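In the working numbering, the protein residues as written are 682 to 863.
Backbone N, C-alpha and C define an ideal beta-carbon position, used for all residues, glycine too.
Predicted, not measured: the structure shown is a model, and the values here were computed from it.
These notes are about the structure you will find just below.
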Ligand SMILES: [Zn+2]
């Protein structure tokens, strides 16, 4: 477990903020104000992805869109406890310009994920010709309080979102430091 400590001065009291990176990969932030302790989960959470996996999927997203206009790739986001991993599923959508996660794929991945003590925390898909922001239908079909990553085939980048109560909020993410950089 890694811990970072940031100390600051509050209005009248010293606030000690302890950031503990939990096994769930999210951050638990403990704010101590006098004798009161408040825990804020995920509020300032930093989400980590593997750069190689991200780049591979971005390439696949662009390749799919080249092969067939409007074709999207899709899959699940798994919290491995260490980072967020993309696990691709088949796209069961019959029309171009949309995605439907293949149910058998989802069942198989969820079972495997649970047996490893990991957690499905969201979905990803690609936008062949649109900005990497969730559309109305993306938001409507999302599980409440889940993550959504969108690959932008034209801008060649990706963006992470949190979908909650019918709204999408942009979330920061980073790439894991590669082992030889550490
Ligand atoms: Zn979309």
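- Straight across, the Cα-Cα distance linking residue 751 with residue 823 is about 20 angstroms.
- Judged by DSSP secondary structure, residue 800 falls within the beta strand (DSSP E) whose first and last residues are 800-808.
- A Cβ-Cβ contact shorter than 8 angstroms links residue 760 with residue 802.
- Residue 806 holds the alpha-carbon nearest to the alpha-carbon of residue 774 among 815, 758, 806 and 765.
- The residues 739 and 743, in chain order, have a CB closer than 8 angstroms to that of residue 837 in the same chain once the five nearest residues on each side in sequence are set aside.
- Distance from the Cα of residue 813 is smallest, within the candidate group 825, 820, 804 and 830, for 830.
- C-alpha of residue 756 to C-alpha of residue 859: approximately 24 angstroms in a straight line.
- A distance of 8 angstroms or more separates the beta carbons of residue 832 and residue 729.
- Per DSSP, residue 851 is not a residue of any alpha helix (DSSP H); the beta strand (DSSP E) it occupies stretches across 848-852.
- Here the C-alpha atom of residue 851 lies approximately 30 angstroms from the C-alpha atom of residue 796.
- By the neighbour-count criterion, in which a residue is buried when 16 or more other Cβ atoms sit within 10 angstroms of its Cβ, residue 809 is buried.
- Note that the C-beta distance between residue 765 and residue 754 is not below 8 angstroms.
- A buried status is given to residue 834, since no fewer than 16 other beta-carbon atoms sit within 10 Å of its beta-carbon.
- Per DSSP, the beta bridge partners of residue 839 are 832.
- Ranked by Cα distance from residue 790, the options 853, 767, 848 and 781 are led by 767.
- By the neighbour-count definition (other C-beta atoms within 10 Å, threshold 16), residue 819 is a buried residue.
- Beta-bridge partners assigned by DSSP to residue 844: 827 and 849.
- Within the chosen limit of 7 angstroms, ligand 1 reaches the beta carbon of residue 831 through at least one heavy atom.
- Looking at the backbone, the Cα of residue 840 and that of residue 732 are separated by about 13 angstroms.
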